[in-house]
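Peer 1: For the sequence shown, our numbering assigns the number 192 to the last residue and increments by one with no breaks.
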Amino acid sequence: MRRRRLPALVPALATATATAVLALAPAAWSAPQVPADKPQVLSRWTQTGVASYQEWAEAREHRAAWAAYGFDWSTDHCTSSPDNPLGFPFADACARHDFGYRNHRAAGLFPAAKTRLDLAFHADLKRVCAHYSGSRRSSCEGTAWTYYQAVRLLGIS
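Below, the structure written as structure tokens:
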């Protein structure tokens, strides 16, 4: 039996095919595409209104459904300040503020959004205070104002 000679083109074709496969492989192995509306969703969840807060809270409760968006849900709550100063439950407001800061920063949108994020934080704190009356409410609102001023002036995380 006589052996057939392969044309010179076959090794070149094999090399080109291997190169193309290896060049395209990282794209196939990369993370899934983030939905195109991520900036809009992020903005919608970080507005000052109660509906925005409620949407964010619902999404936080069911964050697995939002996994494709790659949001950073981590929080240190009120950082080095008490989460419940004088018994006022500010932890969730601080968590949403952390969410806004971390995700806007990751998206490269932080400088333009910081003022809105801080105002949303203050609105969330005031909604907590709305559950109180009299001097307790005044005390809560004063504490909320102090927390807001701290993030407005010092908030960088």
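All C-beta atoms in this analysis are idealised placements derived from N, C-alpha and C, irrespective of residue type, glycine included. Keep in mind that this is a model prediction, so the values were computed, not measured.
(1) Alpha carbon to alpha carbon, how far is A94 from A102? Give it in angstroms, no decimals.
(2) Within 10 angstroms of the Cβ of H97, are there 16 or more other Cβ atoms? Answer buried if so, exposed if not.
(3) Measuring alpha carbon to alpha carbon, tell me which residue in W180, V163, S174 is nearest D153.
(4) Rounded to whole angstroms, what's the CA-CA distance from R137 to H166? Just pull it up for me.
(5) Please identify the residue among L188, K73, V85, Q68 whose C-alpha is closest to the C-alpha of R131.
(6) Give the secondary structure of D133 by DSSP, where H, G and I count as helix, E and B as strand, and everything else as coil.
(7) Take the Cβ of G143 as the centre, count every other Cβ of all protein chains shown within 10 Å, and call the residue buried at 16 or more, exposed below.
(8) Nearest to F123 by alpha carbon, out of C175, A147, R187, V76?
(9) Figure out for me which residue from H139, Y182, R187 has the closest Cα to the Cα of S116.
(10) Put D159 into one of helix, strand or coil per three-state DSSP.
(11) Helix, strand or coil: which one does DSSP assign to S168?
(12) On the three-state DSSP scale, how would you describe F145?
(13) Taking DSSP as the reference, what is the three-state secondary structure of P117?
(14) Who are the near neighbours of R151 in its chain, counting only those whose CB is closer than 6 Å to its CB and skipping five residues on each side?
(15) Candidates T110, F125, S78: which alpha carbon is nearest C164's?
(16) Taking the alpha-carbon positions, what's the T178 to Q68 distance?
Peer 2: Taking the geometry as given:
(1) Here residue 102 corresponds to residue number 67 of the sequence shown, with the count starting at 1. Here residue 94 corresponds to residue number 59 of the sequence shown, with the count starting at 1. The alpha-carbon atoms of A102 and A94 are separated by roughly 10 Å.
(2) Counted from its first residue, the sequence shown places residue 97 at position 62. H97 comes out exposed.
(3) The residue labelled residue 153 in the question sits at position 118 within the sequence shown. Nearest option by C-alpha distance: W180.
(4) Locating residue 137 in the sequence shown gives position 102, where the first residue counts as 1. Locating residue 166 in the sequence shown gives position 131, where the first residue counts as 1. Distance between the alpha carbons of R137 and H166: 29 Å.
(5) On the sequence shown, residue 131 is found 96 positions in, with the first residue counted as 1. The option with the nearest alpha carbon to R131 is V85.
(6) For the purposes of this step, residue 133 is taken as residue 98 along the sequence shown, with counting starting at 1. Helix, per DSSP.
(7) Along the sequence shown, read from residue 1 onward, the residue named residue 143 stands at position 108. Flag for G143 reads exposed.
(8) Your numbering for residue 123 matches position 88 in the sequence shown. Considering only alpha carbons, the answer is C175.
(9) For the purposes of this step, residue 116 is taken as residue 81 along the sequence shown, with counting starting at 1. The candidate whose alpha carbon is nearest that of S116 is Y182.
(10) By 1-based counting over the sequence shown, the position of residue 159 is 124. Helix.
(11) For the purposes of this step, residue 168 is taken as residue 133 along the sequence shown, with counting starting at 1. The answer is coil: DSSP assigns S168 none of H, G, I, E or B.
(12) One-based indexing of the sequence shown puts residue 145 at position 110. Three-state result, F145: helix.
(13) The residue labelled residue 117 in the question sits at position 82 within the sequence shown. DSSP places P117 in coil when its eight states are reduced to three.
(14) Here the question's residue 151 lines up with position 116 in the sequence shown. Within the same chain, R151 has no close Cβ partners at all.
(15) As a first step, residue 164 is located in the sequence shown; it is residue number 129 there, counting from the start. Among T110, F125, S78, the Cα nearest to that of C164 is on F125.
(16) Counting from one through the sequence shown, the residue named residue 178 turns up at place 143. Counting from one through the sequence shown, the residue named residue 68 turns up at place 33. Taking the straight line from one Cα to the other gives about 42 Å.
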